[in-house]
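Asks:
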Amino acid sequence: MKVGLFIPCYIDQFYPQVAVATLELLERLGCEVHYPLQQTCCGQPMANSGFSHLSQGCDNNFFRNFEGYDYIVCPSGSCTLHVKEHFQQPGNEQAAVHLRNSVYELTEFLTDVLQVTSLEAEYRHRVGLHVSCHGQRGLHLSSMTETMTPAYSKPERLLSLVDGLELVYPDRPDECCGFGGTFCVFEEAVSAKMGKDRIREHEEKDVEVITAVDMSCLMHLEGILKRNGSKVQVKHIAEILNSPSS
Amino acid sequence: MSLHAELAEQFNADEDRTNWHDQTLWWVRQKRDLSARQLPEWEQLRQLASDIKAHTLSNLDQYLEQFERQANANGVTVHWAATAEEHNAVVLELLQKNQLQHIVKSKSMLTEECHLNPFLKKHGYEVVDTDLGERIVQLRNEPPSHIVLPAIHLKKADVSETFHQHLHTEAGNEDPQYLTHAARLDLRKKFIEADCAITGVNFAIAENGAVVVCTNEGNADMGVHSARLHIACMGIEKIIPRMADLGVFTRLLARSATGQSITTYTSHFQKAGPGKEMHIVIVDNGRSRQLGRADFRNSLKCIRCAACFNTCPVYRRSGGHSYHTAVAGPIGSILNPNNDLKANADLPFASTLCGSCSNVCPVKINIHEQLWKWRQVVVKEGYAEPAKKAGMSAMAKLFAHPALFRLAGSAGRRMMRWFPALAKQKKFNPWYKQREMPEPPADSFRDWYLQNRKK
């Protein structure tokens, strides 16, 4: 199974350990993983700001890097959703459809394609799960509190396979953290307030670590945690799932 | 800074009050969840409502004409208004022609949209808003901040102060029962004097020409039964085909809005009482243009329940007035750009695109997707801030050229490591106001990969 590893630009630049954990985890589970070296970004920052007409160059680069893989796997629900909803190749619609259908968020890939039912992983901490919106409401990685449908969660199921991990949810289990891409700077006051409120709820549950499928939510929360001198750490779900057993 | 961001920042200056606003509306969202969960067919109902609205919007001309014929047959006069100005002129003419002086109005977001109150005031008429929340904001000379809970931005103490000033209640008495009673006594006089009642319309039924108004206070009924002339004002999208369809919407409306199974009053007005007159003003005011926009037409399915307000984490933390329009919240952010893109270019950006709004919408409007689409329109029409435009063009270039991207990335990280103070300028870097910067690592993942996997 040939897997193309799609690493979001900000993870490549600021959180390489998340990409390493994703790569190692997939390799341990028997995937042949390639990291196409000329990849940059999915184009979401432009598109969500209203500049989707500027993202064709970015899409073309993405296509050159990821054409021909059986699966494209990405440790971000948000970037995955963007490719699924907006990736374009004018004049080559068939290839665009194929690529859009081949891209998977990491926990979705582990659950639906690899059908992982056990993990040799250990993480002896009390962990708060932040449910990232695009993975949840966009990719349906888990059920949503707004809709009256049966409850499920792919990230939670995977975390339940980790030895020693104690999982807790905040009181509002799926409220947005307020990152929102460029929203975090253009609507700074509301963005920061939303992040502070998420953190307060996690701290009320005495978590040691906050995890999520999206590092962008965690980057935002980490910035607030550090500013306030909190002891709570953030860890991407890939880092936890890749924690070795003792 | 955009207008919404600026007003939201002001709102956030009082954090305790922001917390209170957020928690109050979250409580309403939770009531909605509880109530929806009691209906096993909830998701089917939403789909059915959405489908009925889609069908109606596709055949709107026929249903509007059918409605007019039925209303006329009931002895009701129907007026058509293409714009807000025409709507206001129709109301004014009816008041003048019938020599009416005492006007009571039950809640109508359409009349807010058309700015009817200030228009009539200019012509010497006082309109009394009879919904309690609307009355409170009217006395304060403020617009409503929420389409269902118009005074939700106010606390008991604010109401007490307002009533003390205008209704001469005891200073400092914040007892809700006392204050409500004072409002009731004051409004009772207005109802008795009323010779004209203006109401909004929640649903207009094509097959029988009736309009349905949902209230919790019975104020629409009180006004209509007291006054000799009833003017019901409705947008063209309020039509539903049959009485049989109504139950689908009344079951969804109150549950979505407040978590009630049904509003206390669901009043059907089909014809005028003996010796009285009933008029219906049907208003377009940009709705047919929205109907013509393929990407945005299903925003006209909206039944004004405000569930998207209550669930929106941004609305709860920025308040209705930060949207500077009659209809605030996520739905307002996709409706208002239709009538004035320039004035409302900030609204589609007042969202993290979390998608919660679309999930609670009882008629399944894809609100967050339409916010995304309006953003594209705002930029194409040239209303993006110049700095943003320049930044985005530069970013697009970087991401299209991998070598350039890597160069910028490593240079940027190096700058952050060598000169950390550079990024720590709150004035130029809004991120840093309340958040630390991420720690830039020496190597990117690609660097690591080349060293560890590509040997």
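Protein sequence lines correspond, in order, to chains G and A. Going by UniProt numbering, the final residue of the first sequence carries number 246, and the count climbs one at a time with no gaps. Going by UniProt numbering, the final residue of the second sequence carries number 455, and the count climbs one at a time with no gaps. Glycine is no exception: its CB is placed at the ideal position from the N, C-alpha and C atoms.
Pick from A/K53, A/Y315, A/T250: whose alpha carbon is nearest that of A/T24?
Replies: Among A/K53, A/Y315, A/T250, the Cα nearest to that of A/T24 belongs to A/Y315.
Asks: Got a sec, what are the start and stop residues for the alpha helix (DSSP H) A/L110 sits in?
Replies: Per DSSP, A/L110 belongs to the alpha helix (DSSP H) from 109-113.
Asks: Identify every run of the alpha helix (DSSP H) within the stretch 297-347 of chain A, keeping only runs that are complete inside it and at least 4 residues long; order them along the chain.
Replies: For the stretch 297-347 of chain A, whole alpha helix (DSSP H) runs of length 4 or above, ordered along the chain, are 307-311, 313-316, 329-339.
Asks: When DSSP labels each residue in this structure, what does A/P144 get in the three-state scheme?
Replies: Here A/P144 sits in coil by DSSP.
Asks: Does the stretch 208-227 of chain G come into contact with the stretch 30-45 of chain A, if we say contact requires no fewer than three beta-carbon pairs (one atom in each stretch) closer than 8 Å?
Replies: Verdict: no, contact absent.
Asks: Check whether the Cβ of A/P420 lies closer than 8 Å to any Cβ atom in chain G.
Replies: False, the Cβ-Cβ gap to chain G never drops below 8 Å.
Asks: In angstroms, rounded to a whole number, what distance separates the CA positions of A/W418 and A/L34?
Replies: If you take the alpha carbons of A/W418 and A/L34, they lie about 54 Å apart.
Asks: Please list the segments of the beta strand (DSSP E) lying wholly inside the stretch 35-87 of chain G, counting only runs of 3 or more residues, in order along the chain.
Replies: As far as the stretch 35-87 of chain G is concerned, its whole beta strand (DSSP E) runs of at least 3 residues are 71-74.
Asks: Of the residues G/N61, G/S132, G/G181, which one's Cα is nearest the Cα of G/Y169?
Replies: It is G/S132 whose Cα lies nearest to the Cα of G/Y169.
Asks: Between which two residues does the alpha helix (DSSP H) carrying A/T250 extend?
Replies: Taken as a continuous stretch (DSSP letters only), the alpha helix (DSSP H) holding A/T250 covers 243-257.
Asks: DSSP three-state call for G/V131: helix, strand or coil?
Replies: Coil.
Asks: Against chain G, with Cβ distances strictly below 8 Å, would A/R317 count as a contact?
Replies: Yes, its Cβ sits closer than 8 Å to a Cβ of chain G.
Asks: Kindly indicate the opening and closing residues of the alpha helix (DSSP H) around A/E9.
Replies: Looking at the DSSP string, the run of the alpha helix (DSSP H) that includes A/E9 is 3-12.
Asks: Taking C-alpha atoms, which residue in A/Q101, A/H166, A/A384 lies nearest to A/C196?
Replies: When each option's Cα is compared against that of A/C196, the closest is A/Q101.
Asks: What in chain G is Cβ-close to A/C302, meaning under 7 Å?
Replies: The premise fails here: A/C302 is roughly 17 Å from chain G at the closest Cβ pair, so nothing lies under 7 Å.
Asks: Can you check DSSP and say which residues form a bridge with A/S226?
Replies: Answer is none; A/S226 lacks a bridge partner.
Asks: Would you tell me roughly how many angstroms separate the C-alpha atoms of A/A408 and G/E93, rounded to the nearest one?
Replies: Their Cα atoms are separated by approximately 32 Å.
Asks: From what residue to what residue does the alpha helix (DSSP H) around A/M415 run?
Replies: From DSSP, the alpha helix (DSSP H) with A/M415 extends over 402-418.
Asks: Tell me the DSSP secondary structure of G/G4 in three-state form.
Replies: Strand.
Asks: Who are the Cβ neighbours of G/V83 in its own chain at under 6 Å, not counting the five residues just before and after it?
Replies: Excluding residues within five positions, the ones whose Cβ falls inside 6 Å are C42, V103.
Asks: Drop a sphere of 10 angstroms on the beta-carbon of G/H98, count the other beta-carbons inside from all chains shown, and report buried for 16 or more, exposed for fewer.
Replies: So G/H98 counts as exposed.
Asks: Given that G/N48 touches chain A, what residues does it touch there, using C-beta distances under 8 Å?
Replies: Going along chain A in sequence order, the residues near G/N48 (Cβ under 8 Å) are L353, W372, R375.
Asks: In terms of residues, what are the limits of the alpha helix (DSSP H) holding A/D61?
Replies: First-last of the alpha helix (DSSP H) with A/D61: 60-73.
Asks: Using 8 Å for Cβ pairs, my map puts A/S393 next to G/L54. What's the rounded Cβ distance?
Replies: With 8 Å as the limit, A/S393 and G/L54 qualify as a contact, their Cβ atoms being about 6 Å apart.
Asks: Please compile the residues from chain A whose C-beta is within a distance smaller than 7 Å of the C-beta of G/K226.
Replies: Within chain A, the residues near G/K226 are E436.
Asks: Pick from A/H123, A/W26, A/S50, A/F405: whose alpha carbon is nearest that of A/L253?
Replies: Measuring from the Cα of A/L253, the nearest candidate turns out to be A/S50.
Asks: Between the stretch 324-342 of chain A and the stretch 369-378 of chain A, do at least 3 Cβ pairs fall closer than 8 Å?
Replies: Counting Cβ pairs under 8 Å, three or more are found: they touch.
Asks: Under 8 Å between C-beta atoms, does G/L25 make it to chain A?
Replies: Not one chain A Cβ lies under 8 Å of G/L25.
Asks: Between A/W431 and G/V185, is the Cβ-Cβ spacing less than 8 Å?
Replies: Against a cut-off of 8 Å, the Cβ pair of G/V185 and A/W431 comes out as a contact.
Asks: Given this structure, state the Cα-to-Cα distance separating A/I240 from A/H321, to the nearest angstrom.
Replies: Spanning the two alpha carbons is a distance of roughly 31 Å.
Asks: Would a check of beta-carbon distances place A/Y323 closer than 8 Å to chain G?
Replies: No, its Cβ sits nowhere closer than 8 Å to a Cβ of chain G.
Asks: Does the beta-carbon distance from G/G77 to G/L139 come in below 8 Å?
Replies: Yes, they are a contact pair.
Asks: Looking only at its chain, what residues have a beta carbon closer than 6 Å to the beta carbon of A/K156, apart from the 5 residues adjacent to it on each side?
Replies: Hits under 6 Å: E174.
Asks: Using a Cβ cut-off of 9 Å, pull out every chain A residue sitting near G/C184, in sequence order please.
Replies: Within 9 Å Cβ-Cβ: T352, P430, W431, R435.
Asks: Output needed for G/K196: all residues of its chain with C-beta closer than 7 Å, excluding positions within five of it in sequence on either side, in chain order.
Replies: Within the same chain, G/K196 has close Cβ partners I224.
Asks: Distance check for G/E201 and A/L300, CA to CA, integer angstroms please.
Replies: Rounded to the nearest angstrom, the two C-alpha atoms are 37 Å apart.
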